[in-house]
Structures are given as C-alpha cells and as structure tokens.
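Visitor:
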Amino acid sequence: MKVSELRKLYEQGIRNFAGVDLSGADLRGVMLIEVNLTGANLMGANFSRAFLTKSDLSGANLNWANLNFAKLSDAKLVETDLTKANLSGAFMVKSKLPRAKLSGTNLSHANLRGANLWGANLCSANLHKINFREANLSGVDLSWANLYEARLSGAKLYGACLNSVNLSKSFLKEVDLSGVDLEGVNLAESRLSGAILEGANLTAANLEKARLRGVNLRGAELTRANLVGASLEEANLTGAILRKTDLRDANLNEANLSGANFEDAELGGTILEPSNEPLVHQINFQTQFAI
C-alpha cells in the first residue's frame, strides 16, 4: 500500500489496516490514532514523531523501524518484533508489550511508565535514562542491557534476567528484587532506598557509593561485592554473607547486622554506630582489616 492511499483511507474513517505492507515507508509525523495494524509488515518504516496512540500493532514486524519520539501511549504491541528498532524518546506510557522482541532496540530516554513488558526480550537493548516507573518487567530478559540512569522505582522485576546489566546511577527505590540473580551487576551510585533484596545474589556486584538506606538485604549473598562508600544506614543485613566484601568507608549506622558474615571483609573506615556493639558477638568478622 502507498502512503498516500493510507492517509486518504484514514481521513475517510477507515481504521483497519491489518496485515498491510508498508515496509520502508516514510510515515514521519503521520496521525494514525486507534488504528489496527496487527500483523503488518512495517520493517524499516519511518514513524519518527508519528501519533500511534491506542493503536494495535500486535504481531507486526517493525524490525529496524524508526519510531524516535513517536507517541505510542496505550498502544498494543503484543509479540511485536521491534528488534533493533529506534524508539529513542518514544512516549509509551501504559503501552502493552508482552512477549515483544526488543533485543538491540534503542529505547534511550523513552517513557514506559506503567507499561506491561511481561516476558519481553530486551537483551542488549539501550535503555539509557528510560522511564520504567511502575512498569511490569516480570520475566523480562534484560541481559547485557544498558540501564544507566534508568528510572525503575516501583517496577515489577519478578523472574527478570539481569545478567551483566548496567544499572549504574539508576533509580530503584522500593523495588522488589527478592531472590533475583544480580551477580556481577553494575549498581554503582544507584538509588535503592527502601528496596527489597532479601535472598538476592549480589556476588561480585558493584555497589560503590550506592544509596541503600533502609534496604532489606536479609540473607543476601554479597561475597566479593564492592560496597566502597555505600550508604547502608538502617539496612537489614541479618544473616547476609559478606565474605571478602569491600566495605571501606561504607556507612552502616543503625544497620541490623545480626548473624551477618564479614569473614575477610575490608572494613577500613567503615562507620558503625555504637547501637550495633551488642551485635558484635553475633557477627562473624574474622577480618584481617581494622574497623
């Protein structure tokens, strides 16, 4: 179908364009609100700054498509193929993307607040400064994704794959990451105040200068983690494993350290309030460094 024909039919009130072939089409700034584009071939199409609010693009092929700054709020993109598409700056509030293919996609500065991405594939995607607040990221594959300065406060990450993801300087306040595998993840200077990391695997994770005030790290695995200069005031570290963990200059004021294991940890310059002194006999320090 030609773009001119599409525009003419839309102006006549036609909204059903299911299965249409618009591969490589120039649709910059096009107004296609509430249209049906399910199963359409839109590979390489240019939808830059287009208005696709409340449209249904489920099952469509948007491989390599340009959707930068496109308006896709409340849009349906169920199982849509957006591999290596450009969605930088896209407005996708409350969009529905269950099982969507987004590997290698550029979503930097995109707004997906409250979006549903259950089971989506975001492997190696560029998510720099993305807004994922209150989004459903359950079961999402975020392996090797760049989430630098991303906003994920209130997001649901149950069962998400975060292998080697970059979450430095990200906002994760009050996020539930219970039992999540975060081994080797970069969380440097991230904001995790009030987050739940109970039983999480943070082996060799980088949490340098991270803000962890009031975080629940009960039973968490933090062996060889980097917590240099981290703020852990009022954190719950009951039964946490911190073997060979670097806690130099970290702030543990009023933290609950009952039963925590600090064997061979680096604690030079670590701040420990006197309120924790009665717990010292319950803690396995066995450290070769002085507090």
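Numbering (our numbering), first residue to last: 33 to 323. Cβ atoms here follow ideal geometry from the backbone N, Cα and C, with glycine treated the same way. Since we're looking at a predicted model, the values are computed, not measured.
1) Alpha helix (DSSP H) containing Tyr42: first to last residue?
2) Judging by CA-CA distance, which residue of Glu221, Ser222, Asp213 is the nearest neighbour of Glu230?
3) Closer than 7 Å by C-beta to Ser200: which residues in its own chain qualify, once you throw out the five before and the five after it? Chain order, please.
4) Below 8 Å on the Cβ atoms is my contact criterion, and I expect Phe49 with Val67 to pass it. Report the Cβ-Cβ distance as a whole number of Å.
5) When burial is assigned at 16 or more other CB atoms within 10 Å of the CB, is Gly51 buried or exposed?
6) Buried or exposed: Asp58, going by 16 or more other Cβ atoms within 10 Å of its Cβ?
7) Compute the beta-carbon to beta-carbon distance between Ala242 and Leu254, rounded to the nearest angstrom, for a pair I have assumed lies under 8 Å.
8) Specify the secondary structure class of Phe123 as computed by DSSP and reduced to three states.
9) Rounded to whole angstroms, what is the Cα-Cα separation between Leu289 and Pro130?
10) By the three-class DSSP mapping on this structure, what secondary structure does Ile228 have?
11) Going by the beta-carbon positions, is the gap between Arg250 and Ala227 smaller than 8 Å?
12) Can you tell me whether Val125 is buried or exposed? The criterion is at least 16 other CB atoms within 10 Å of its CB, across all chains shown.
13) Going by Cα to Cα distance, which pick from Lys161, Asn118, Leu174 is closest to Trp96?
Guide: With the structure as the only source:
1) Residues 35-43.
2) Asp213
3) Tyr180, Asn218, Leu219, Ala220, Glu221, Ser222
4) So it is a contact: roughly 6 Å between Cβ atoms.
5) Result: exposed.
6) In the assembly as shown, Asp58 is an exposed residue. Its beta-carbon has fewer than 16 other beta-carbons within 10 Å.
7) Ala242 to Leu254, Cβ: 12 Å. No contact.
8) strand
9) 40 Å
10) Secondary structure at Ile228: strand, using DSSP grouped into helix, strand and coil.
11) No, Cβ-Cβ distance for Arg250 and Ala227 is not below 8 Å.
12) buried
13) Asn118
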